[in-house]
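Taking it in order: structure first as structure tokens, then the write-up.
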Amino acid sequence: MQPAVRIRNASFSYRTKSVLRGIDMEVPRGSYFGVVGPNGSGKTTLAYLISGILSPDEGEVDTFGNRVGLILANPANQVVSPVVEEDIAFGPENLALEPSEITARIDAALHAVRGEGLRGSLTTALSGGELAKVVFAGQLALDTDVLVLDEGTIMLDPLNRATLLRTVHELNRDLGKTVIHISHRLDDLENARSLVVLDKGTIGIRAQGVPDLVRQIKEHPVNGIEPGAHTLYRSFLLEQGIEEQDLEKATRRLAAGIRQGSLPQS
């Protein structure tokens with residue numbers, strides 16, 4: 000099957016400063032793909048290459064005609080209209096869609112991010128978390144094939160971050176959208192089935208899932224990347240043979256095993 004994104008030996012420099020070197024990466028269609036790296040590792044430049052904002056100095060970046068949506072760390076940089084509804088409608092209007100279709104897309108997008116109450120609000124009056132919801136809704140309204148999140152949860156409080164991550168997971172699982180999630184937070188990448196570590200402009204580690212990545216990072220530490228408590232606990236449970244996705248249920252299984260003098264097996 001043709002991948003959603005393929006990058007071959009791509010390099011990029013800002014004038015004389017080399018930012019990315021020899022990047023090779025293939026993102027399967029319909030996958031949830033994670034890119035993790037410390038600040039200054041080239042993550043945002045990689046997002047720009049995938050979304051077509053930048054072109055590589057060397058090598059190739061091919062999206063095979065897929066529509067790519069990008070959500071940046073600072074949502075204020077992506078707001079183009081003074082009213083939320085107008086901002087979300089901006090993209091679909093440029094696709095020359097019928098007004099009824101645009102309205103339906105706005106409704107669905109705001110519902111997906113739990114932002115129905117923001118529809119008539121001024122974008123200048125919104126908090127950082129609310130702006131992030133609006134920008135995310137705008138990308139959903141475009142019905143993109145590939146969604147790239149570049150630190151897209153950094154402005155959100157824990158509740159809104161969980162909402163956004165759940166929505167992204169549902170888009171991938173239920174609608175088959177390809178997700179490329181770029182972050183320095185491993186806790187945000189729990190749903191990624193394949194991951195790469197970007198460090199000093201190159202890909203150093205490739206992993207199948209976060210637990211595999213945690214094991215590799217323990218063996219080969221990367222400055223600026225530390226698993227959060229959630230990721231470490233999930234990895235610990237998997238090491239004990241507990242694959243239950245519901246952490247509360249998993250904890251009960253762990254406690255039961257400890258009381259019985261043996262850890263449960265999946």
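Taking numbering that gives the first Met the number 0, the leading residue of the sequence shown gets 0, the next gets one more, and so forth.
Just so you know, even glycine gets a beta-carbon here, dropped at the ideal spot from N, CA and C.
Quantities reported herein were computed from a predicted structural model and do not represent experimental measurements.
1) Could you spell out the range, first to last residue, of the alpha helix (DSSP H) harbouring H110?
2) The beta strand (DSSP E) that contains V134, what's its start and end?
3) Anyone know if the C-beta pair for G175 and A191 falls short of 9 Å?
4) Where does the unbroken alpha helix (DSSP H) through I49 begin, and where does it stop?
5) State the Cα-Cα distance for the pair P295 and E218, rounded to the nearest angstrom.
6) Which of helix, strand or coil does DSSP assign to L212?
7) When you compare each of F63, V35, V196, V18 to R5 by their alpha carbons, which one comes out closest?
8) Which residues in the same chain have their Cβ closer than 6 Å to the Cβ of L170, if we skip the five residues on either side of it in sequence?
9) Please list, in chain order, all residues of the same chain as I216 whose beta carbon is under 8 Å from its beta carbon, the five residues on each side excluded.
10) With 16 other CB atoms within 10 Å as the buried threshold, where does V26 fall?
11) Ends of the beta strand (DSSP E) at F89?
12) Inspect the beta-carbon positions of L305 and T122 and report whether they are closer than 9 Å.
13) H180 bridges to which residues according to DSSP?
14) What separation, rounded to the nearest whole angstrom, lies between the Cα atoms of M0 and R28?
15) Within 10 Å of its beta-carbon, does A95 have 16 or more other beta-carbons around it, so buried, or fewer, so exposed?
16) Could you tell me the alpha carbon to alpha carbon distance between R7 and L48, rounded to whole angstroms?
17) If contacts are defined as beta-carbon pairs under 8 Å, then V133 and D86 qualify, I think. What distance do you get, rounded to the angstrom?
18) Residues in the same chain with beta-carbon distance under 6 Å from A9, minus the five sequence neighbours each way, listed in chain order, please.
19) Please report the distance separating the alpha-carbon of V34 from that of H180.
20) Are T152 and D187 touching if we call contact CB-CB under 9 Å?
21) Compute the distance between the beta-carbons of Q77 and G137, then report whether it is under 9 Å.
22) So R66 is in the alpha helix (DSSP H); what residue range does that whole segment cover?
23) Does the distance from the CB of V178 to the CB of Y31 come in under 9 Å?
24) Among residues of its own chain, excluding the 5 on either side of V18, which ones have a beta-carbon nearer than 7 Å to its beta-carbon?
Per the coordinate set shown:
1) Under the DSSP assignment, H110 falls in the alpha helix (DSSP H) whose first and last residues are 98-111.
2) It is not in any beta strand (DSSP E) - V134 instead sits in the alpha helix (DSSP H) that spans 127-140.
3) No, they are not a contact pair.
4) 42-50
5) Examination of residue 295 is not possible in this model, given that the chain is present from 0 through 265 alone.
6) helix
7) F63
8) K176
9) V196, I204, I224, P226
10) V26 comes out buried.
11) Not the beta strand (DSSP E): F89 falls in the alpha helix (DSSP H), residues 83-93.
12) Beyond the ends of the chain as shown, which are 0 and 265, falls residue 305; an answer cannot be given.
13) Under DSSP, H180 forms a beta bridge with G33, L148.
14) R28 has its alpha-carbon roughly 8 Å from the corresponding atom of M0.
15) exposed
16) 12 Å
17) 6 Å
18) The residues are I22, P55, G58, V60.
19) Their Cα atoms are separated by approximately 6 Å.
20) With contacts defined as CB atoms closer than 9 Å, T152 and D187 qualify as a contacting pair.
21) Yes, these two residues count as a Cβ contact at 9 Å.
22) Careful: R66 lies outside any alpha helix (DSSP H) and carries neither H nor E.
23) With respect to the 9 Å criterion, V178 and Y31 are classified as neighbours on the basis of their beta carbons.
24) F11, S12, G41, T44, G200
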